[in-house]
Amino acid sequence: MKNLFKILFLFLIFISCGEDKKIEKSENKEVSHRLKVTTEKILFQKFEHFFEINGSVEAEKSAFVSPETNGQIKKIYVKEGDRVRKGDLLVELNTKILENSLEEVKTALELSKIMFKKQDELWKQKIGSEIQYLQAKNQKESIERKLETLESQLDMGKVKAPISGIIDDIFLKKGEMASAGMQLIQLINLKSVYVNADVSESYLSKIKKGDLVNLNFPSYPDFSKNAKIYRIGNFINPSNRTFKIEIKLENRDEKLKPNLLAMLKIKDFSEEKAILIESEIIKKDAKGEYLYVKTKNNNKYFAKKTYIETGVSDNEKTMITKGLQVNQEVIIDGYNIVKDGMEIYF
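With the first letter of the sequence shown counted as 1, position 47 gets the number 63 in my numbering; the numbers rise by one all the way through.
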């Protein structure tokens, strides 16, 4: 009898364990059809889009100084790095031949003046011929013009600074021959510079004169400037389909040098109330772009596949132009494995 009770007891335990396993299996099956996700509520945000291009620094005032006449360099009054003002004497050419000619002409002019004065007095006394008077007058005036020409040529032998600035380079030495138009000295004024850049024609309608530009300089990692577009070019370069822009900069400390590389960050789009989504959660199929939105039904939450239309995008965010509304919640964690209609929890 005792054995019968033992057998019956063991049988009941076996049945009970079987029922527990069925319940556990049923619960696991229910959980396996649900997915844990993270969502984010959609709110309006300010969105600004920028594009970046390279440019270079240019001196607003620079000059290659050249002599206006030929001659041997007699003296150089400056050295590289010197600061000069407009009109300062930089180089003097050997003008000995001109100086000798000038003295000869001055002597000839004195004689012609004496001769003209005598002929003028005789002419007033009606003595002498008109031809003699006119010849003396023409001789004097001709020598005066020659003197003016020689003095002008003599002045050309003095090379002066056309602008105020710094002597950056001197290309010839004392004793060498200089020719008219030959580059003799490079002169740069660094107090005022500008950044010159080429912009794709696709941005022509998106930027305008006066727009703010952020400038960074790779050679100065901790240095940046904000300045406005000063000029927009009116010509599209047919070889690369770009137009030029210029940004003026003050450079009182002369930190920025000509041809220095500049990185320009320019805003081409702005929206005060934009719906922004992380770009990586947007998926695409044959019908278009979509993502998953949280929906609720009978106190349960489900993922709903929602097709959208997108606008401007940056490296991280994309603006949604159609398909989503404020206060909806999109799935941002689990988006890559969730399915349309799948039950979700948090």
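Cβ coordinates follow ideal geometry from the N, Cα and C atoms, glycine included.
Excluding sequence positions up to five away, which residues of its chain have a Cβ less than 6 Å from the Cβ of K264?
Within the sequence shown, the letter at position 248 stands for residue 264. Y210, Y246.
What first and last residue would you give for the beta strand (DSSP E) that runs through D214?
Here residue 214 refers to the residue found at position 198 when the sequence shown is read from its first residue. 201 to 216 is the span of the beta strand (DSSP E), which, as asked, contains D214.
Go to Q385, then tell me how far its beta strand (DSSP E) extends in each direction, as first and last residue.
Residue numbering for the chain in the displayed model covers 17 to 362; residue 385 lies beyond these limits and cannot be assessed.
Please look up how many angstroms separate the CB atoms of I282 and F67, rounded, as I've assumed it's under 8 Å.
Looking up residue 282 in the sequence shown gives position 266. Looking up residue 67 in the sequence shown gives position 51. At roughly 6 Å, the Cβ-Cβ gap stays under 8 Å, so I282 and F67 are in contact.
For I223, tell me which candidate among G249, D349, D356, Q199 has the shortest Cα-Cα distance.
Here residue 223 refers to the residue found at position 207 of the sequence shown. The shortest C-alpha separation from I223 is found at G249.
If you measure from the beta carbon of L265 to each beta carbon in chain B, is any gap under 8 Å?
Absent from the structure: chain B. Only one protein chain is present.
Report yes if the CB atom of N230 is closer than 8 Å to the CB atom of N212, and no otherwise.
If you number the sequence shown from 1, residue 230 lands on position 214. If you number the sequence shown from 1, residue 212 lands on position 196. Against a cut-off of 8 Å, the Cβ pair of N212 and N230 comes out as no contact.
So, is I143 buried or exposed, given that buried needs 16 or more other C-beta atoms within 10 angstroms?
The residue labelled residue 143 in the question sits at position 127 within the sequence shown. Its Cβ having fewer than 16 others within 10 Å, I143 is exposed.
Run through the DSSP bridge pairs and tell me what T322 is partnered with.
As a working mapping, residue 322 is identified with position 306 in the sequence shown. Beta-bridge pairing links T322 to L307.
Which residue marks the beginning of the beta strand (DSSP E) containing F233, and which one marks its end?
As a first step, residue 233 is located in the sequence shown; it is residue number 217 there, counting from the start. Unbroken beta strand (DSSP E) run through F233: 228 to 233.
From K300 to I324, what does the alpha carbon distance come to, in whole angstroms?
For the purposes of this step, residue 300 is identified with residue 284 of the sequence shown, where counting begins at 1. For the purposes of this step, residue 324 is identified with residue 308 of the sequence shown, where counting begins at 1. If you take the alpha carbons of K300 and I324, they lie about 10 Å apart.
Count the C-beta pairs between the segment 144 to 160 and the segment 123 to 134 that are closer than 8 Å, then say yes if the count reaches three, no if not.
Flag = yes, the segment 144 to 160 and the segment 123 to 134 touch.
I think G363 touches K153, with their Cβ atoms under 8 Å apart; what is that distance to the nearest whole Å?
The chain is shown only over 17 to 362; residue 363 falls outside these bounds and no answer can be derived.
Nearest-angstrom Cα distance between S195 and V100?
In the sequence shown, residue 195 corresponds to position 179, counting from 1. In the sequence shown, residue 100 corresponds to position 84, counting from 1. When rounded, the distance between both Cα atoms is 23 Å.
Buried or exposed for V47, please, with buried defined as at least 16 other CB atoms from any protein chain shown within 10 angstroms of its CB.
For the purposes of this step, residue 47 is taken as the residue at position 31 of the sequence shown. Only weak support is given to the placement of V47: the predicted model assigns it a pLDDT of 43, under 50, and the value that follows is read from those uncertain coordinates. Exposed.
Are T85 and Q169 touching if we call contact CB-CB under 8 Å?
If you number the sequence shown from 1, residue 85 lands on position 69. If you number the sequence shown from 1, residue 169 lands on position 153. Going by C-beta atoms, T85 is nearer than 8 Å to Q169.
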